[in-house]
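Heads up: the sequence shown begins at 823 in the numbering used here, then just goes up one per residue.
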Amino acid sequence: MRFEIKSFHELTVSELYAMLRMREMVFIVEQNCPYQDLDDTDQKALHVFLYDEEQLAAYTRIFKSGIKYPEASIGRVVTSPLHRGKGYGAKVMKASIEALQRMGEPHIVLSSQAYAEKFYEKLGFKRTGKEPYLEDDIPHVEMEFKGELEHE
């Protein structure tokens, strides 16, 4: 298992293809959500890849504060269907949080699909006081992280 964190312009064509393919497979096909994934912010993100052998197993994109939100943020959190059940989602999230903290970003927000709220709570995120809302016809909740990761 290995991690890579790259800006958009550092991505190889193969890395970009693998990332977009996984996002399409999960967010559009698996979740039956025919909405645009490409939102003109990938170019401003840092992309966090978790590889199992040479296969992309999990991914997030992270933003410093002031780009998508006033706070730093994590989004497009996804694990390949072929690699689920191995803890890779939590591992890529921890790597993403640590990367933002190294950049001086202790306050992190994300928009969680409602079913995944418990997953993020285990990582130290808490729901904000805002009401749940629909995004692309999927229930979401806003969550935030303030503090330190618990190291195992």
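Note that the Cβ used here is the ideal one computed from N, Cα and C, for glycine as well.
Secondary structure of residue i, DSSP reduced to three states
i	result
glutamine 877	strand
methionine 847	helix
arginine 898	strand
leucine 860	coil
serine 887	coil
methionine 915	helix
leucine 956	strand
leucine 868	strand
proline 961	strand
arginine 906	coil
glutamate 893	coil
glutamate 966	strand
Contact check, residue i vs residue j, beta carbons under 9 Å
i	j	result
arginine 883	phenylalanine 849	no
lysine 890	proline 928	no
glycine 946	glutamate 964	no
glutamine 935	isoleucine 960	yes
leucine 860	serine 829	no
lysine 948	glutamate 966	yes
Residue i, enclosing alpha helix (DSSP H) - first and last residue
i	result
tyrosine 942	939-944
Boundaries (first-last residue) of the beta strand (DSSP E) holding residue i
i	result
leucine 932	929-935
glutamate 826	824-829
Proximity to residue i [Cα-Cα], best of the options
i	options	result
proline 892	Gly909, Val931, Tyr910 and Ile827	Val931
lysine 916	Gln865, Ser902, Val870 and Met841	Val870
valine 874	Arg824, Glu966 and Ile960	Per the sequence shown, residue 874 should be read as aspartate rather than valine. Nearest option by C-alpha distance: Arg824.
glutamate 876	Gln858, His905 and Cys855	His905
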